[in-house]
Amino acid sequence: MNLNPLFLNYIDGQWAASGSGQTFENRNPAEQNELLGYFQASTIEDARHAIESAERAFAGWRATPISKRAKVLNRAADYLEANLEAFAEELTREEGKLLGNSRDEVARSAQTLRFYAVEGQTITGETFPHDDAKMTVYTQREPLGVVSIITPWNFPISIPARKIAPALITGNTVVFKPSSDAPLIAYRLAEALHHAGIPEGVFNFITGSASNIGKELTAHSAIKAISFTGSTQAGEAIQGAASMSTRTQMELGGKNPLIVLADANLDQAVDLTIKGGFSLTGQACTGTSRVLIEKSVKTDYLERLVAKVKELKIGNGLVQSTSIGPLATRQQLDTVLSYIDIGKREATHIFGGEHLQGEGYDNGYFVSPAIFSDVTQQMRIAREEIFGPVIAIIEVDGYEDAIAKANDSIYGLSAAIATKNIEYIQRFPSDIQSGTVKINRTTTGNLVNAPFGGLKQSSTSTFRESGRVGLDFFTQTKTVYLGY
Ligand code: NAP
């Protein structure tokens, strides 16, 4: 493990400084005085070097037996698991999430590497019946070439893992750029692959601002595919810059609704709201940001919700008793506070939304969870992604009204309903415009072995990631007519 605060790029099997000679800082969002390290402020030339090394390595990696490729992923998983406690602590220091969430994320990343090590070995083609006895017709699947992986700061190791593992097991080579706001745990993933013996050039890790290297990593002619997770705005820019023949997979923003019907268990609905909306400080792409509640139970629900939210402890994610950590960046803090101001002007402010000051808070980005009521469809807090601990409560007349309002959004990432009504339980998955559908469960959370992705502007709706179908994006199909 590198304990030096200077962190390098990993290009062509070498740890190397950027040609710029410049670095950028990575600091703890709970305690800004704590410097976690300096990372390379890479240049276009560095990016080009990484892409070209991946291009050179492609033929050899593609020809490497799949059992050997799987071994690399399994060894990288071993490395993450052996260092789980240390890496989880680093993740909390870097991103702010609770230590328990960090442990889960590092463990899940190892699980993802192992999942694709096995699942990638079960890829099949099809054979087709026909009239010529001396011919076999079948499909075979092949890797694409160099793929660009670009990821956000909120799940800074598990999202990269769920893209990099299927890319590598299927024989592609990778250039990976993590978020500039959480490069340390991404560096640990690069370190894990290096320790696992990944051949030179097969996997490349490069840090630096998207404004400097983003274009090269998405528009270079050798890039055959881009798997991106981040904001809808950045996704649109990347999609626009990519060439026609570059395959893209974009997982983008959300404005995820939880519908609470009058027959729901209200205590459970409150728990779903708090877990979905405030855990991870509201910084999950699948986080609950709208609650559509039936009029008749609204007052009762709100009383129970506020009583429980008052008990939440906001603080450093390393402290055991903390229930909500800081926002991850200064920019997130400013954005969330500005939406809280907007909410106070637009709707009824019920609770929270303070920028916390005082001991334990002064050097971090802490905001108390905010609840707004009497929110209507036109309000900005009902329509725009905030990506923080802010919940908009919208009153509805019943199931049909709730569905209409939930679907009145440009996003369609995750949606949940709390009800015991069997008709609505049965109808909800078809009626809701959302890639992930939850019934009596939180909008957040998805399995390693199940597909994940959004509808509408939450995704390019091309290829799903995660699970077995996560392999599809990284392979292309050929149809072979073999005669003799
Ligand atoms: P972001 O600002 O879009 O950045 C994401 C990544 O893209 C970063 O590595 C960023 O680099 C890079 N990037 C930005 N513009 C680029 C461009 N034009 N070309 C190439 N790369 C570019 O998003 P974020 O603030 O990190 O993450 C929060 C967003 O991610 C939210 O909108 C959230 O909903 C979304 N998200 C979606 C999912 C999902 O699965 N649907 C999951 C998690 C998060 P720099 O860091 O250097 O700017």
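Read in order, the letters of the sequence shown correspond to residues 11 to 494 in the working numbering.
Yeah, the Cβ is synthetic: ideal placement off N, Cα and C, and Gly gets one too.
All of these numbers come straight from a predicted model, not from anything done at the bench.
Verify the contact flag: residue i, CB atom, against every heavy atom of the ligand NAP, threshold strictly below 7 Å.
i	result
Ser348	no
Asp191	yes
Ile208	no
Phe397	yes
Pro336	no
Glu394	no
Lys187	yes
Pro162	yes
Pro241	Looking at the sequence itself, residue 241 is Ser, so the reference to Pro does not match. Within the cutoff, so yes.
Glu261	yes
Gly106	no
Gly224	yes
Ala425	no
Thr228	yes
Ala279	no
Ser471	no
Gly47	no
Ala196	no
Ala247	yes
Ala244	yes
Ile169	yes
Ala200	no
Phe165	yes
Beta-carbon within less than 6 Å of residue i's beta-carbon, same chain only, minus the 5 sequence neighbours each way: which residues are those?
i	result
Trp25	Leu18
Ile223	Ser52, Ala57
Pro379	Phe288, Val319, Gly362, Pro399
Met11	Any reading at Met11 needs caution, since the residue's pLDDT is 48, under 50, leaving its predicted position unreliable; the model's value is listed next. For Met11, where only same-chain residues beyond five positions count, there are no Cβ hits under 6 Å.
Gly493	Lys144, Met145
Asn417	Gln443
Arg72	Pro153, Gly181
Arg66	Gly211
Asn456	Phe462
Ser419	Lys265
Ser190	Ser219
Taking the alpha-carbon of residue i as reference, which of the options has the nearest alpha-carbon?
i	options	result
Ala338	Val329, Ala294, Thr332, Arg393	Ala294
Leu290	Phe165, Gly445, Glu394	Phe165
Asn450	Ile208, Thr485, Ile432, Lys107	Ile432
Leu194	Val116, Ala67, Ala428	Val116
Thr309	Gly250, Asn266, Ser383	Ser383
Ser119	Gly106, Asp351, Asn93, Pro139	Asn93
Thr74	His230, Pro461, Ala87, Ile208	Ile208
Phe97	Ala279, Gln150, Ala200, Ala40	Ala200
Gly240	Glu100, Trp163, Leu366	Trp163
Val406	Thr345, Thr298, Leu271	Leu271
His359	Arg437, Ala27, Ile381, Glu313	Ile381
Glu410	Met254, Glu41, Asp441	Asp441
Thr183	Tyr349, Glu91, Thr149, Gly155	Gly155
Tyr89	Glu99, Phe397, Asp114, Leu123	Leu123
Tell me, to the nearest whole angstrom, how far the beta carbon of residue i is from that of residue j; I am working on the premise that it is less than 8 Å.
i	j	result
Gln387	Lys415	6 Å
Lys430	Asp281	Lys430 to Asp281, Cβ: 16 Å. No contact.
Arg8	Asn38	As shown, the chain starts at 11 and ends at 494. That puts residue 8 outside it, with no answer to give.
Ile169	Ala60	About 19 Å separates the two Cβ atoms, so there is no contact after all.
Ile435	Phe376	At roughly 38 Å, the Cβ-Cβ gap does not stay under 8 Å, so Ile435 and Phe376 are not in contact.
Thr242	Ile401	That belief does not hold up - the Cβ atoms of Thr242 and Ile401 are roughly 21 Å apart, past 8 Å.
Leu347	Ile334	No, Leu347 and Ile334 are not in contact; Cβ-Cβ is about 15 Å, not under 8 Å.
Phe125	Val479	Contact doesn't hold; Cβ gap of about 12 Å is too wide.
Taking 7 Å as the limit between beta carbons, can you name the residues of its chain near residue i, skipping five residues before and five after?
i	result
Asp482	Phe473
Leu423	Gly264, Asn266, Cys295, Thr296, Ser444, Gly445, Thr446, Gly464, Ser468
Phe438	Ile427, Val447, Ile449
Ile413	Asp441, Ile442
Which same chain residues, not among the five before or five after residue i, have their C-beta less than 8 Å away from its C-beta?
i	result
Ile404	Arg300, Val301, Leu302, Ile303, Val385, Thr386, Gln387, Ala392, Lys415
Tyr48	Pro15, Leu16, Phe17, Thr33, Phe34, Glu35, Asn36
Ile248	Ile160, Gly224, Thr228, Ile236, Phe238, Thr258, Met260
Ala428	Leu268, Ile269, Val270, Leu271, Ala274, Asn275, Gln278, Ala279, Leu282, Asn450
Ser331	Lys323, Gly325
His365	Leu343, Leu347, Phe376, Val377
Gln367	none
Lys466	Ser419, Ile420, Tyr421, Gly422, Gln443
Thr485	Ile133, Arg151, Glu152, Pro153, Leu154, Thr180
Three or more C-beta pairs below 8 Å linking the region 79-87 and the region 170-189: yes
Three CB pairs or more closer than 8 Å across the region 63-82 and the region 114-130: yes
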